[in-house]
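Engineer: Encoded as structure tokens, here's the structure I'll be asking about.
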Amino acid sequence: MEVIRNFPDSELVANIRSGQRMEDTIKAIYRGHFEGLCWYVMNNSGSRQDAEDIFQEVLVSFIELVQQDKFRGESTVKTFLYSLNRYTWLNELKRRGRALAREEKYEKGQVHIEMDAGHTIANREGKAEVLKVVAELGDTCKKILLLFYYENLSMKEILDQTDYESEQVVRNKKYKCLKQLEQMVNANPALRETLKNLIHG
Amino acid sequence: MDNSTPEMDEKLVRLLDGDLSPEERITVEQQLAGNALLLQQYDRLLATKAAIRHFGLQQQVGAIHSQMMAELNAPIKKISPVRKMIRYTSAIAAGILLLVAGFFAYQYFSLTPEKVFSANYQAYELNTSRGTTTNSLIEEAFRQKKYEEVIRLRDAATEPNIKNEFLAGAAALELNNLSLARQRFASVIEQNKTANTTVLNDEAEYYLALTQVRQKDFAAAVMLLEKIQQDSGHTYSAKVKNGLLNDVRKLSDQ
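Protein chains in written order, with this note's numbering: chain A, 1 to 201; chain B, 202 to 455.
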């Protein structure tokens with residue numbers, strides 16, 4: 001049976017920074033904040049599906065901001081997530097041309113997302129394009145690159161999870177995959193800009 | 202200066218992966234600082250790595266999202282009104298049962314001979330006869346609660362007297378001299394039996410039974426109390442209720 005537990009803000013942020021216990025940490029954020037954030041979207045012209053999509057975006061943005069040290073703990077995680085949620089949803093409403101005067105007024109009065117954070121969370125289409133380009137890679141390349149750059153596994157650990165003969169073969173394959181993806185990214189200037197914002201804010 | 206050789210490219214990837222030695226790293230970073238093209242090349246690698254990490258995070262969140270939606274949207278089983286009623290009734294019944302069981306358990310474990318005695322004992326009082334001035338010395342002493350004097354006068358009497366015997370027993374009971382009280386009450390019963398009289402016999406039986414309770418001679422007390430209860434003409438028959446008898450039986454079982 002899974003043990004359900006809540007994390008204090010400090011532990012939650014520390015886990016995200018170190019990349020440790022990510023699954024438990026993400027689940028804790030869902031249990032603690034999903035309903036509240038969902039309620040906001042659904043009470044501001046959004047559907048349940050909108051609320052779920054926005055929450056996922058907010059969560060990804062939050063994790064990336066924490067990993068870039070852009071969450072400085074000046075507010076609670078809850079306040080920060082609620083601000084991100086409002087900002088992301090109102091941007092989406094604007095994009096759809098459906099932002100109500102009341103909501104825009106509210107946005108001007110309440111949303112205080114700092115500009116550096118704003119760069120990271122904005123550009124919904126750009127982020128979708130990033131996902132699309134990586135998804136176009138072959139499955140083997142995706143697997144090796146994700147194991148190495150996202151899950152931070154060593155070559156030996158990756159070798160155990162693949163059918164390659166040696167670590168050197170895995171290393172060569174990873175190099176080729178990285179170069180292939182680099183070319184795909186390089187071919188799209190808008191994508192490069194989005195990624196630049198993801199790295200530097 | 203164009204450094205975009207395969208060797209340089211490999212070094213940039215190793216810098217990206219954190220695989221360079223400290224010396225190699227310093228050298229490559231110096232080359233990057235002095236070569237804009239090389240820096241662009243490295244920025245492209247950083248962007249590629251960022252794309253992979255963003256993709257990985259999105260995938261992980263997406264996978265957890267499905268699990269969490271299943272957990273958070275799990276339907277809450279609705280209980281029918283009848284089942285709800287049964288559940289509440291059972292809970293109330295169980296609560297009452299627990300209280301009753303607790304009450305009886307408390308009664309059982311807190312029962313002592315002293316408690317039973319105190320609940321049923323009332324000091325014997327002599328009737329006041331208006332206009333009568335011929336009270337004996339022993340009666341006068343009893344009225345004045347001079348219990349030691351009562352016992353002394355009884356012992357000093359030359360002829361046995363059932364009433365004096367009873368008063369001496371009652372005085373001994375007041376003084377908590379249980380063995381003497383028992384002797385005196387038993388003597389009252391014996392003398393009445395011999396003389397075929399009933400002077401203060403009912404009183405003697407009742408107080409004797411209470412004395413036996415305090416002495417923890419429960420078997421004798423139960424026998425006597427049962428006799429009193431079954432005799433409808435007994436002065437203390439109504440006083441010996443089932444509660445008293447049950448309490449003495451429980452003490453006998455402990």
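Positions of the beta carbon are idealized from the N, C-alpha and C atoms, including for glycine. None of the values given here were measured: they were computed from a predicted structure.
1. For a contact defined as C-beta to C-beta under 7 angstroms, what are the partners of B/Thr249 on chain A?
2. Give the DSSP-derived three-state secondary structure of B/Ser388 in the structure shown.
3. Put A/Gly32 into one of helix, strand or coil per three-state DSSP.
4. For B/Val214, return the contacting residues in chain A, with the cut-off set at a CB-CB distance below 8 angstroms.
5. If you drop the 5 nearest sequence neighbours on each side, which residues of the same chain put their C-beta closer than 8 angstroms to that of A/Phe144?
6. In whole angstroms, what separates the C-alpha of B/Ala270 from that of B/Phe310?
7. Should B/Leu238 go down as buried or exposed, given a rule of 16 or more other Cβ atoms within 10 Å for buried?
8. Kindly list the residues whose CB is nearer than 8 angstroms to the CB of A/Val13, restricted to its own chain and excluding five residues on each side of it in sequence; keep chain order.
9. Count the other C-beta atoms from every protein chain shown that fall within 10 angstroms of the C-beta of B/Leu327, then say buried if there are 16 or more, exposed otherwise.
10. Cutting at 6 angstroms between CB atoms, please list the residues of its own chain near A/Gly126, excluding the five before and the five after it.
11. Mind checking the segment 133-151 of chain A against chain B and listing, in chain order, the residues whose C-beta falls within less than 7 angstroms of any C-beta there?
12. Is there a C-beta anywhere in chain A that falls below 8 angstroms from the one on B/Val423?
13. State the DSSP-derived secondary structure class of B/Leu452, mapped to helix, strand or coil.
14. Have a look at A/Cys141, A/Ser154 and A/Ala190 and flag the residue whose alpha-carbon is nearest the alpha-carbon of A/Gln180.
15. Out of B/Asn321, B/Gln259 and B/Ala248, state which residue places its alpha-carbon closest to the alpha-carbon of A/Ala190.
16. Count the other CB atoms within 10 Å of the CB of B/Leu298; is the residue buried (16 or more) or exposed (fewer)?
17. Does the separation of the CB atoms of B/Ala372 and B/Phe343 fall below 8 angstroms?
18. Can you list, in chain order, the residues of the segment 3-27 of chain A whose Cβ is nearer than 8 angstroms to any Cβ on chain B?
19. Assuming A/Asn188 and A/Val133 form a contact by the criterion Cβ under 8 angstroms, report the distance between their Cβ atoms to the nearest whole angstrom.
20. Answer yes if the segment 251-265 of chain B comes into contact with the segment 21-28 of chain A, meaning at least three C-beta pairs across the two stretches below 8 angstroms, and no otherwise.
21. So which residues of chain B does A/Arg124 contact, with C-beta pairs closer than 8 angstroms?
22. Exposed or buried, which one is A/Trp89 when buried takes at least 16 other CB atoms within 10 Å?
23. What residue from B/Thr313, B/Leu368 and B/Ala358 has the CA that sits closest to B/Glu340's CA?
24. Please list, in chain order, the residues of the segment 61-92 of chain A that have any C-beta partner in chain B closer than 9 angstroms.
25. Could you name the residues of the segment 187-200 of chain A whose beta carbon sits closer than 7 angstroms to any beta carbon of chain B, in the order they occur along the chain?
26. Under 8 angstroms between beta-carbons, which chain A residues line up against B/Met270? List them in chain order, please.
27. Quick one: give me the first and last residue of the alpha helix (DSSP H) that A/Gln183 is part of.
28. Let's see if you can read the secondary structure: which residues bound the alpha helix (DSSP H) around A/Asn85?
29. Measuring CA to CA, which of B/Lys212, B/Leu221 and B/Lys417 is closest to B/Asp454?
30. Answer with yes or no whether the minimum CB distance from A/Gly59 to chain B is below 8 angstroms.
31. Would you be able to state if there are at least three C-beta pairs under 8 angstroms between the segment 208-217 of chain B and the segment 283-292 of chain B?
32. Could you work out which residues of chain A lie near B/Val262, taking near to mean beta carbons separated by less than 7 angstroms?
33. Which residue from B/His435, B/Ile352 and B/Glu427 puts its Cα closest to that of B/Asn443?
34. Quick one: measure Cβ to Cβ for B/Arg254 and A/Tyr30, integer angstroms, because I've assumed they're closer than 8 angstroms.
Structural biologist: Judging by the given coordinates:
1. In the second sequence, counting from the first residue as 1, residue 249 of chain B sits at position 48. Those within 7 angstroms of B/Thr249 in chain A are Leu178, Leu181, Glu182 and Val185.
2. In the second sequence, the residue the question calls residue 388 of chain B occupies position 187. Looking at B/Ser388 - three-state DSSP - the assignment turns out to be helix.
3. For the purposes of this step, residue 32 of chain A is identified with residue 32 of the first sequence, where counting begins at 1. Residue state, collapsed to three classes: helix.
4. Residue mapping note: residue 214 of chain B aligns to position 13 of the second sequence, counting from 1. Chain A residues near B/Val214: Tyr175 and Leu178.
5. For the purposes of this step, residue 144 of chain A is identified with residue 144 of the first sequence, where counting begins at 1. A small fix is needed here, since residue 144 of chain A is Ile in this sequence, not Phe. Excluding residues within five positions, the ones whose Cβ falls inside 8 angstroms are Ile158, Thr162, Val170, Lys173, Lys174 and Cys177.
6. For the purposes of this step, residue 270 of chain B is identified with residue 69 of the second sequence, where counting begins at 1. For the purposes of this step, residue 310 of chain B is identified with residue 109 of the second sequence, where counting begins at 1. What sits at residue 270 of chain B in the sequence shown is Met, not Ala. Taking the straight line joining both Cα atoms gives about 55 angstroms.
7. As a position in the second sequence, residue 238 of chain B is number 37, starting the count at 1. Burial call: exposed.
8. In the first sequence, residue 13 of chain A corresponds to position 13, counting from 1. So the list reads Val66, Phe71, Gly73 and Val77, once near-sequence residues are dropped.
9. Counted from its first residue, the second sequence places residue 327 of chain B at position 126. Exposed.
10. As a working mapping, residue 126 of chain A is identified with position 126 in the first sequence. If we look at A/Gly126 and ignore the five residues flanking it on each side, its Cβ neighbours are Thr194.
11. Val133, Val134, Leu145, Leu146, Tyr149 and Tyr150
12. Taking the second sequence and counting its residues from 1, one reaches residue 423 of chain B at position 222. So, not an interface residue.
13. Locating residue 452 of chain B in the second sequence gives position 251, where the first residue counts as 1. Here B/Leu452 sits in helix by DSSP.
14. By one-based count along the first sequence, residue 180 of chain A stands at place 180. The candidate whose alpha carbon is nearest that of A/Gln180 is A/Cys141.
15. Translated into the one-based positions of the first sequence, residue 190 of chain A becomes position 190. The option with the nearest alpha carbon to A/Ala190 is B/Ala248.
16. Counted from its first residue, the second sequence places residue 298 of chain B at position 97. Classification for B/Leu298: exposed.
17. The count along the second sequence starts at 1 and reaches residue 372 of chain B at position 171. The count along the second sequence starts at 1 and reaches residue 343 of chain B at position 142. Yes. Within cutoff.
18. Met22, Glu23, Ile26 and Lys27
19. Within the first sequence, residue 188 of chain A is the residue found at index 188, counting from 1. Within the first sequence, residue 133 of chain A is the residue found at index 133, counting from 1. Rounded, the Cβ-Cβ distance is 7 angstroms, consistent with contact.
20. yes
21. Here residue 124 of chain A refers to the residue found at position 124 when the first sequence is read from its first residue. Those do not exist, as A/Arg124 stays about 12 angstroms from chain B at its closest Cβ, beyond 8 angstroms.
22. Here residue 89 of chain A refers to the residue found at position 89 when the first sequence is read from its first residue. Buried, because 16 or more other Cβ atoms sit within 10 Å of the Cβ of A/Trp89.
23. Looking up residue 340 of chain B in the second sequence gives position 139. Of the candidates B/Thr313, B/Leu368 and B/Ala358, the one whose C-alpha sits nearest the C-alpha of B/Glu340 is B/Leu368.
24. Ile63, Glu64 and Gln67
25. Arg192, Leu195, Lys196, Leu198 and Ile199
26. Mapped onto the second sequence, residue 270 of chain B falls at position 69. Result: Glu52.
27. Working through the first sequence from its first residue, we reach residue 183 of chain A at position 183. Segment Glu167 to Asn186, the alpha helix (DSSP H) holding A/Gln183.
28. For the purposes of this step, residue 85 of chain A is taken as residue 85 along the first sequence, with counting starting at 1. Segment Val77 to Arg95, the alpha helix (DSSP H) holding A/Asn85.
29. Along the second sequence, read from residue 1 onward, the residue named residue 454 of chain B stands at position 253. Minimum Cα distance to B/Asp454 is reached at B/Lys417.
30. Your numbering for residue 59 of chain A matches position 59 in the first sequence. The question names Gly, but residue 59 of chain A in the sequence shown is Leu. True, the Cβ-Cβ gap to chain B drops below 8 angstroms.
31. no
32. Taking the second sequence and counting its residues from 1, the one referred to as residue 262 of chain B is at position 61. What B/Val262 touches in chain A: Ile26, Gln56, Leu59 and Val60.
33. The sequence position of residue 443 of chain B within the second sequence is 242, counting from 1. Among B/His435, B/Ile352 and B/Glu427, the Cα nearest to that of B/Asn443 is on B/Glu427.
34. In the second sequence, residue 254 of chain B corresponds to position 53, counting from 1. In the first sequence, residue 30 of chain A corresponds to position 30, counting from 1. With 8 angstroms as the limit, B/Arg254 and A/Tyr30 do not qualify as a contact, their Cβ atoms being about 21 angstroms apart.
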